[in-house]
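Report on the following structure.
Numbering (our numbering), first residue to last: 113 to 602.
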């Protein structure tokens, strides 16, 4: 199984090498505001998974079903949002060519003119007739800002890259809103990491966890609401230290945690944050004494690429070996039919290695989830009667594995994040043998992309999917009873 996995991964890498050697330019993501264009013959000619069948007699051919995205890219355009947009564009092409939504063309709508002004984008979309029936969001702050508006207008939102407690449950942590996270909350992910730590005493003989985070509200909340749970499992707590995303020297922050006994550092940072923590551990001579762990956002290949600026004495990036949550299947899991499809389509569209991140995968599995939600809703109420309120009912009860298991979506009858969708993984880099991770006697594989050399990330799963603990403040075994009351329509 493993040999087959790595052979296929090597094939994908070889494609990237060949493309780069031929100086093939990166294919830009086609405008997803335009109807999906016809693509070349597909490498995978049939869906390796099935959607719910459209109700008998339903034929939406000639119609277009649009999904509306609100994003605030900040400084993550190249690393996060370009791969996302490419994934959405390629997925829209593919699914439209394979029946669309009951025959309808699939369309993703982005507003490129008002990036950074999510309220403006929301208002522009809401003025469209027919109005959107679901939004797709990309951050905890955006979800918190729009929560009241979404409830008032009765439009649910999928939060693809968010996980703060307030984004899903309000500031009291107990209010059911209209935002659904597609992964466990960040606080739940810390709890899942602690579960993994106590389940592996040989690897963590003296576990004491300390937190080294960006100084953001959601990072504070994830720390404050999780360490008591970890302590209840027998894991020591060394406290927390916070740094700015602009910091380049964090030795005092880490020293503070080490002095308090930390043997595990958990970081809720992303972009260059994890690489900075890893580099600091090496500079302090702690790389073999302290385990680095992180949130799912940092287990993305784009973070692995950023870590390649800091190479250790072993010839590998200092970030090599970082542990973290892995809700979305990785590119290395080539036994999964959805990953096979995504890989084949990335090859077809000549997406380079640097575009093959979690963002590209999420563009695909989110598209698949939206299709399934739309069909289930239409079958229940009629495709002429789909509203945001009916989409919300579907989301509350859906149990679905997009693209044959690339992700696991189950809101447990009404909770606002997918607790079952978590695993542990480890960040590695492909060795020259194309079969195993780089290490002693197996130097890292090097790929040339656009004249720049990259190592090939291997995000390797360590566990199967299992429920993350529910670590909301005062959470119970049942969903919270308070729900934002929608404003009645005239």
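Cβ coordinates follow ideal geometry from the N, Cα and C atoms, glycine included.
Does the separation of the CB atoms of residue i and residue j fall below 8 angstroms?
{"i": "residue 450", "j": "residue 477", "result": "yes"}
{"i": "residue 310", "j": "residue 350", "result": "no"}
{"i": "residue 333", "j": "residue 381", "result": "no"}
{"i": "residue 542", "j": "residue 574", "result": "no"}
{"i": "residue 493", "j": "residue 484", "result": "no"}
{"i": "residue 529", "j": "residue 304", "result": "no"}
{"i": "residue 475", "j": "residue 196", "result": "yes"}
{"i": "residue 376", "j": "residue 405", "result": "yes"}
{"i": "residue 437", "j": "residue 301", "result": "yes"}
{"i": "residue 473", "j": "residue 488", "result": "no"}
{"i": "residue 325", "j": "residue 340", "result": "no"}
{"i": "residue 571", "j": "residue 410", "result": "no"}
{"i": "residue 348", "j": "residue 373", "result": "yes"}
{"i": "residue 441", "j": "residue 448", "result": "yes"}
{"i": "residue 328", "j": "residue 299", "result": "no"}
{"i": "residue 479", "j": "residue 200", "result": "yes"}
{"i": "residue 468", "j": "residue 413", "result": "yes"}
Assuming residue i and residue j form a contact by the criterion Cβ under 8 angstroms, report the distance between their Cβ atoms to the nearest whole angstrom.
{"i": "residue 534", "j": "residue 566", "result": "Wrong, their Cβ atoms sit about 28 angstroms apart, outside the cutoff."}
{"i": "residue 247", "j": "residue 267", "result": "6 angstroms"}
{"i": "residue 378", "j": "residue 323", "result": "5 angstroms"}
{"i": "residue 369", "j": "residue 306", "result": "Between residue 306 and residue 369 the Cβ distance is about 16 angstroms, and since that is not below 8 angstroms, they are no contact."}
{"i": "residue 221", "j": "residue 193", "result": "No, residue 221 and residue 193 are not in contact; Cβ-Cβ is about 15 angstroms, not under 8 angstroms."}
{"i": "residue 254", "j": "residue 182", "result": "7 angstroms"}
{"i": "residue 262", "j": "residue 289", "result": "7 angstroms"}
{"i": "residue 213", "j": "residue 177", "result": "5 angstroms"}
{"i": "residue 170", "j": "residue 495", "result": "6 angstroms"}
{"i": "residue 270", "j": "residue 216", "result": "With a Cβ gap of about 19 angstroms, residue 270 and residue 216 do not count as contacting."}
{"i": "residue 515", "j": "residue 453", "result": "7 angstroms"}
Go ahead and label residue i buried or exposed: buried means 16 or more other beta carbons lie within 10 angstroms of its beta carbon, across all protein chains shown.
{"i": "residue 421", "result": "exposed"}
{"i": "residue 361", "result": "exposed"}
{"i": "residue 150", "result": "Any reading at residue 150 must be qualified, since the residue scores a pLDDT of 28, below 50, and its modelled position is unreliable; the value itself is stated next. Exposed: under 16 other Cβ atoms inside 10 Å."}
{"i": "residue 582", "result": "buried"}
{"i": "residue 580", "result": "buried"}
{"i": "residue 291", "result": "buried"}
{"i": "residue 540", "result": "buried"}
{"i": "residue 140", "result": "With a pLDDT of 31 at residue 140, under the threshold of 50, the predicted position of this residue should be treated as unreliable, though the coordinate-derived value follows. By the 10 Å Cβ count, residue 140 comes out exposed."}
{"i": "residue 133", "result": "For residue 133, the predicted model reports a pLDDT of 35, less than 50, meaning its position is unreliable; a value from the coordinates is still stated below. Exposed, since its Cβ has fewer than 16 Cβ neighbours within 10 Å."}
{"i": "residue 419", "result": "buried"}
{"i": "residue 615", "result": "With the chain covering 113 to 602 only, the question about residue 615 has no answer from this structure."}
{"i": "residue 175", "result": "exposed"}
{"i": "residue 219", "result": "buried"}
{"i": "residue 605", "result": "Outside the displayed span of the chain (113 to 602) sits residue 605, for which this structure offers no information."}
{"i": "residue 552", "result": "exposed"}
{"i": "residue 296", "result": "buried"}
{"i": "residue 145", "result": "Annotation note: pLDDT 33 at residue 145 (below 50); position unreliable, coordinate value reported separately. Burial call: exposed."}
{"i": "residue 585", "result": "exposed"}
{"i": "residue 385", "result": "buried"}
{"i": "residue 461", "result": "buried"}
{"i": "residue 364", "result": "exposed"}
{"i": "residue 429", "result": "buried"}
{"i": "residue 399", "result": "buried"}
{"i": "residue 343", "result": "exposed"}
{"i": "residue 225", "result": "exposed"}
{"i": "residue 252", "result": "buried"}
{"i": "residue 260", "result": "exposed"}
{"i": "residue 415", "result": "buried"}
{"i": "residue 353", "result": "buried"}
{"i": "residue 402", "result": "buried"}
{"i": "residue 190", "result": "exposed"}
{"i": "residue 106", "result": "For residue 106 there is no data in the structure shown, the boundaries of the chain being 113 and 602."}
{"i": "residue 282", "result": "buried"}
{"i": "residue 165", "result": "exposed"}
{"i": "residue 162", "result": "exposed"}
{"i": "residue 549", "result": "buried"}
{"i": "residue 167", "result": "exposed"}
{"i": "residue 118", "result": "Because residue 118 carries a pLDDT of 37, less than 50, the predicted location of this residue cannot be relied on, and no value is offered for it."}
When the cut-off is 8 angstroms and only beta carbons count, does residue i lie next to chain B?
{"i": "residue 323", "result": "The structure shown contains no chain B, having only a single protein chain."}
Quick check on the DSSP output: what are the complete beta strand (DSSP E) runs of length 3 or more inside the segment 494–543, in order along the chain?
536–541
Are the segment 177–193 and the segment 502–518 touching, with three or more C-beta to C-beta distances below 8 angstroms?
no
Uninterrupted alpha helix (DSSP H) stretches inside the segment 304–370 (no shorter than 4 residues)
329–336 and 339–344
Which whole runs of the beta strand (DSSP E) in the segment 408–464 are 3 residues long or more, in chain order?
435–437
Taking only runs of the alpha helix (DSSP H) that begin and end inside the segment 248–296, which ones reach a length of at least 4 residues, in chain order?
252–265 and 277–281
The segment 555–572 / the segment 520–527 touching (three or more Cβ pairs under 8 angstroms)
no
Three Cβ pairs or more, each shorter than 8 angstroms: is that satisfied between the segment 456–465 and the segment 199–207?
yes
Tell me the start and end of each unbroken alpha helix (DSSP H) in the segment 201–252 that is at least 4 residues and wholly inside, in chain order.
230–238
What are the complete beta strand (DSSP E) segments, minimum 3 residues, inside the segment 548–591?
558–561, 564–567 and 569–573
Alpha helix (DSSP H) runs contained entirely in the segment 465–493, provided each spans 4 or more residues
470–493
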